[in-house]
């Protein structure tokens, strides 16, 4: 008894502790709700933009709290120390957040950046706390599930313990009743029999209920299968959710790191932007300077263009002159070729004439020799003529002597001696004449041999000369013969002597006369022949003179041509000298122009280098600006895309939230309906309780009647008791043994028999109600199945959403990798730029750190300093706001994922609840099976259960009151939630209005950026055009330079060729001059020789005239 009572007391203590824990849990959940609401209000008061960030968290927490409150029966035993800490943490967060709000109230607009930084730090802390709260909420949910399971077990135990408590309270009454009931055992046997009958009926009812339970078990099995499938799908969804949450956590961590990096980069970018602004100002100044320089360069380029035009004109003029010179050179070359050809012809003619002259010289030499011989012959002729004269004188004297002849004899001897002497002289002369003739014949034969060798052209001259020689020789020979004959005639009369002198003289005279006549005829014929020959010779001489005159005229023409050519060559030489001088002047001008062009090219090269350097600087600046602009544009476009995507997702989420709110409103309506149903059930139960009270009163009357019957039965049984006293004593001994263990049970059984009957009736009615409730529950189960189908559909949708989210997470990871790559590239570029400006940045960072430290200490100075820096920070604030919006949108996404995760967890909780309910039902089925087996043992406990049921009814009344209170509280909470939702709707509308304004501002900024881009593009285009013009000018200058160099090289080559040709022509002219000089000398010599020949011819003519005169005189004398 004592052990059972101690067990009961322990169980009572455990139940009280459980109730206390549940109450503390509810109280702490209310505290957390209140703290979270205060947090949300403070956050909404701090920044309306951040309210949207935390609204999802608050709604999530409110949902958790509402769900926890909607299931108060699922609370259990927990260690609440961490939860209390968590509950304290938001309060600290609220206190922590009240401070910046106070600061916000006291600080001015200048300290917005610092407060934003502090708020961001606090937001990070709150986010960490929220993460801790979420993790602890998950742990609490798991613990609540375990507590729920323990509560189900504890309720069964509580029901037993309450019955035990009631039994313990009724122990003395039962002891008194046991004494009374010992006498009534016999009467109770009848009651037991009746109870057995009722048990049989109840067993039948139990069998029917078992059948219904089997059906319900089958349905439960089906539900289990469905739930297993749903659990599998839920596990898959959990896995995907866990993966998504893990990826989201990793993304959040990476995003936090990236955010920190971006914050650092933004700080650095701010400093770099200031530097870039300074650089841009400097660049604008440099651009202005460069534009001025470009204007100067343009003017210089125009001047250079004019100079180039002049140079081109001069070059064109030079080209024309060179063309004219080339034409003239070609003409000169043609003339030179013609002159060369003429010179070659003249040389050939001169060679021919040289040969002719050589022949003429040989002929002249021969003529000289002939003249010398003729002179010797003339001398001899002179001597012969003298002798002839002397012989004539002698003949005359002889004739005189012949005429006189006084003394014949004396004179005969003398004459004979004289005739001998003369005959000897004549014989000597004849011998000499014969030798001369022979020598002349030999010479003539030699001359004939020589003349036969000569050319055909000079045969006439040779023939004439030979004829002259022959004529001279014949003339000399005839003279010699005549002289010889005369001498012989003169000597013949001397030979005669004596008497025969006269006859001999007569004969001799007669013969001499005949001979003289014959010889005279011969001489006359020879003279005529000689005259004919002389005529022929004269004709030949005249022909020769004509030929010589013609040749002299030809020589004169040749000399004139040569003189003309010499004059032309001198003119050409003068022209060549002029052209050489012109070429030298042109070369000097070209050299000067080349020097000027080289100086201009050097200047152009310097200017090009400067332009290239400045273009490189401009390009570097343009690249930097373009890269930064592209980065900003890319970041802006990405932010815009992300913002648009997030806005779309937010709209979708808003739509989903609206749909969820509608669903929840429907659920609330359904819950209200269920509450109304429960109220109706409670009213029905109250009516049922009233009926039960009536039945109890009726059962009491019946029990009194039965007691009367039992008294009558006892009197009948007393007779049997005497018989069975022995058995009773045995039973008493057994009962005494069992009283210690089952006294209370027996007392309760005996005391609760009456209640058991009443409870049986009640339970029959309750079974009927339970059947109705089962039907209702079956209907509710069908509705739950339909809801499960809807939930499955929603699960599929959520799985699809999770898949889409995983895909989006993958895309976000890809974009994050791309962003990381771009960030790495940007970091590399920034590191390159930072290496150049590291020291300045360090100094600026140190100054900024000192300034921030002093700004934290001295806000007034910061206000003064920030007043000047507002204009610069406006754009940065805009960018920061955009980044904050991006962060908020990312947080929205995270919270949406967390909400989905929470929704999934809620679905998991519902599934687990359904599982627990199914487990309960299975346990109930098992218990019913056990009850079927233990109905006989539980008949005694039924009475105790009546009291337990009454206590439970009282508890149910208390719980119903508490549930009514909770329902009122829930209604209040719902009203508050609706108010908060309306506030959130208003906040969402405000946010949408702000988002629209932001969009308008972003579109304005986009337009401004587009205008700036267009302006930059136009400037870049102008710079590119200028660079292209400069490059085009450079190319034209280079091409012109190349063309001029090529032309100069060609001119130099042509000049060298012309110089070589001039040298060759000069050499040729010198050789021609030398040849002309030699030809002139030869002509002079020939003229001199011809003069000599003419003189000789004139002398010969004179001599021939003298000889003719002499011959005429001789003829006249002979006549």
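In the numbering used here, the protein residues as written are 9 to 1127. Cβ atoms here follow ideal geometry from the backbone N, Cα and C, with glycine treated the same way.
Original post:
How many angstroms separate the CA atom of residue 698 from the CA atom of residue 963?
Top reply: Taking the first residue of the chain shown as 1, we reach residue 698 at position 690. Taking the first residue of the chain shown as 1, we reach residue 963 at position 955. Distance between the alpha carbons of residue 698 and residue 963: 17 Å.
**OP:** Apply the 10 Å Cβ neighbour rule to residue 345 and answer buried if 16 or more other Cβ atoms are within range, or exposed otherwise.
**Re:** Start at 1 with the first residue of the chain shown, and residue 345 comes out as number 337. By the neighbour-count rule (16 or more Cβ atoms within 10 Å), residue 345 is not buried but exposed.
Original post:
Taking the C-alpha atoms as reference points, what is the distance between residue 589 and residue 1050?
Top reply: Here residue 589 refers to the residue found at position 581 when the chain shown is read from its first residue. Here residue 1050 refers to the residue found at position 1042 when the chain shown is read from its first residue. A straight-line Cα-Cα distance of about 26 Å links residue 589 and residue 1050.
Original post:
Between 762, 365, 215 and 299, which lies nearest to residue 202 when the distance is taken from Cα to Cα?
Top reply: For the purposes of this step, residue 202 is taken as residue 194 along the chain shown, with counting starting at 1. If you compare the alpha carbons of 762, 365, 215 and 299 with that of residue 202, the shortest gap goes to 762.
**OP:** Could you say which of 39, 216, 367 and 397 lies nearest to residue 1122 if we only look at CA atoms?
**Re:** Here residue 1122 corresponds to residue number 1114 of the chain shown, with the count starting at 1. Of the listed residues, the one whose Cα sits closest to residue 1122 is 397.
Subject >> residue 1119 - DSSP class collapsed to helix/strand/coil >> reply: Taking the chain shown and counting its residues from 1, one reaches residue 1119 at position 1111. Here residue 1119 sits in helix by DSSP.
Subject >> Rounded separation between residue 333 and residue 324 - CA only >> reply: The residue you call residue 333 lines up with position 325 of the chain shown. The residue you call residue 324 lines up with position 316 of the chain shown. Straight across, the Cα-Cα distance linking residue 333 with residue 324 is about 13 Å.
Subject >> Span separating the alpha-carbon of residue 1008 from that of residue 991 >> reply: Working through the chain shown from its first residue, we reach residue 1008 at position 1000. Working through the chain shown from its first residue, we reach residue 991 at position 983. Rounded to whole angstroms, residue 1008 to residue 991 spans 25 Å at the Cα level.
Original post:
So is residue 720 buried or exposed if we call it buried at 16+ other beta carbons inside 10 Å?
Top reply: Working through the chain shown from its first residue, we reach residue 720 at position 712. If you draw a 10 Å sphere on the C-beta of residue 720, you find fewer than 16 other C-beta atoms in it, and that means exposed.
Subject >> Pick from 318, 645, 618 and 360 that is closest to residue 1011, judged by C-alpha positions >> reply: Against the chain shown, residue 1011 aligns to sequence position 1003. The residue with the shortest Cα to Cα distance from residue 1011 is 645.
Original post:
Taking the alpha-carbon positions, what's the residue 137 to residue 215 distance?
Top reply: Position 129 of the chain shown, counted from the first residue, corresponds to residue 137. Position 207 of the chain shown, counted from the first residue, corresponds to residue 215. Rounded to the nearest angstrom, the two C-alpha atoms are 57 Å apart.
Original post:
So is residue 994 buried or exposed if we call it buried at 16+ other beta carbons inside 10 Å?
Top reply: The count along the chain shown starts at 1 and reaches residue 994 at position 986. The residue is exposed, with fewer than 16 neighbouring Cβ atoms inside 10 Å.
**OP:** Out of 1077, 1065 and 1118, state which residue places its alpha-carbon closest to the alpha-carbon of residue 338.
**Re:** On the chain shown, residue 338 is found 330 positions in, with the first residue counted as 1. Nearest to residue 338 by C-alpha distance, out of 1077, 1065 and 1118, is 1065.
Original post:
Measuring CA to CA, which of 235, 1039, 276 and 857 is closest to residue 615?
Top reply: Along the chain shown, one-based indexing puts residue 615 at 607. Of all alpha-carbon atoms in 235, 1039, 276 and 857, the one lying nearest the alpha-carbon of residue 615 is that of 1039.
Subject >> Nearest neighbour of residue 854, chosen from 981, 794, 276 and 1082 [CA to CA] >> reply: Reading the chain shown from its first residue, position 846 is the one you call residue 854. When each option's Cα is compared against that of residue 854, the closest is 276.
Original post:
Using the C-alpha atoms, what's the distance from residue 1095 back to residue 1078?
Top reply: The residue given as residue 1078 occupies position 1070 in the chain shown. The residue given as residue 1095 occupies position 1087 in the chain shown. C-alpha separation (whole angstroms): 24 Å.
Original post:
What's the gap between the Cα of residue 904 and the Cα of residue 935?
Top reply: Here residue 904 refers to the residue found at position 896 when the chain shown is read from its first residue. Here residue 935 refers to the residue found at position 927 when the chain shown is read from its first residue. One Cα belongs to residue 904, the other to residue 935, and the distance between them is close to 44 Å.
Subject >> Between the CA atoms of residue 272 and residue 1016 - distance to the nearest angstrom >> reply: Translated into the one-based positions of the chain shown, residue 1016 becomes position 1008. Translated into the one-based positions of the chain shown, residue 272 becomes position 264. When rounded, the distance between both Cα atoms is 27 Å.
Original post:
Within 10 angstroms of its Cβ, does residue 955 collect 16 or more other Cβ (buried), or is it exposed?
Top reply: Residue 955 sits at position 947 when you count from the first residue of the chain shown. Sixteen is the threshold: when 16 or more other Cβ atoms of the shown chains lie within 10 Å of the Cβ of residue 955, as they do, the residue is buried.
**OP:** Assuming residue 766 and residue 703 form a contact by the criterion Cβ under 8 Å, report the distance between their Cβ atoms to the nearest whole angstrom.
**Re:** Counted from its first residue, the chain shown places residue 766 at position 758. Counted from its first residue, the chain shown places residue 703 at position 695. That pair is a contact at about 7 Å.
**OP:** Determine the burial state of residue 896: buried for a count of at least 16 other Cβ atoms within 10 Å of its Cβ, exposed for fewer.
**Re:** For the purposes of this step, residue 896 is identified with residue 888 of the chain shown, where counting begins at 1. Buried is the label assigned to residue 896, since at least 16 other Cβ atoms lie within 10 Å of its Cβ.
Original post:
Can the beta-carbon of residue 372 be found closer than 7 Å to that of residue 1097?
Top reply: For this step, residue 372 is matched to residue 364 along the chain shown. For this step, residue 1097 is matched to residue 1089 along the chain shown. Yes, they are a contact pair.
Subject >> Nearest-angstrom Cα separation, counted from residue 518 out to residue 391 >> reply: On the chain shown, residue 391 is found 383 positions in, with the first residue counted as 1. On the chain shown, residue 518 is found 510 positions in, with the first residue counted as 1. For residue 391 and residue 518, the distance between alpha carbons rounds to 30 Å.
**OP:** Report the rounded CA-to-CA distance for residue 1110 versus residue 565, giving the unit in angstroms.
**Re:** Taking the first residue of the chain shown as 1, we reach residue 1110 at position 1102. Taking the first residue of the chain shown as 1, we reach residue 565 at position 557. Here the alpha carbon of residue 1110 sits roughly 32 Å from the alpha carbon of residue 565.
**OP:** Would you kindly work out how many angstroms separate the C-alpha atoms of residue 900 and residue 886, rounded to a whole number?
**Re:** Against the chain shown, residue 900 aligns to sequence position 892. Against the chain shown, residue 886 aligns to sequence position 878. About 20 Å.
Subject >> Candidates 857, 1084 and 836: closest to residue 279 by CA position >> reply: As a working note, residue 279 is residue 271 in the chain shown. Here the closest residue by C-alpha is 857.
**OP:** Answer with buried or exposed for residue 548, where buried requires no fewer than 16 other C-beta atoms within 10 angstroms of its C-beta.
**Re:** Within the chain shown, residue 548 is the residue found at index 540, counting from 1. So residue 548 counts as buried.
Subject >> Span separating the alpha-carbon of residue 306 from that of residue 620 >> reply: For the purposes of this step, residue 306 is taken as the residue at position 298 of the chain shown. For the purposes of this step, residue 620 is taken as the residue at position 612 of the chain shown. In a straight line, the C-alpha of residue 306 is about 16 Å away from that of residue 620.
Original post:
How many Å lie between residue 617 and residue 998 at the Cα?
Top reply: Position 609 of the chain shown, counted from the first residue, corresponds to residue 617. Position 990 of the chain shown, counted from the first residue, corresponds to residue 998. Put simply, the backbone Cα of residue 617 is about 60 Å away from that of residue 998.
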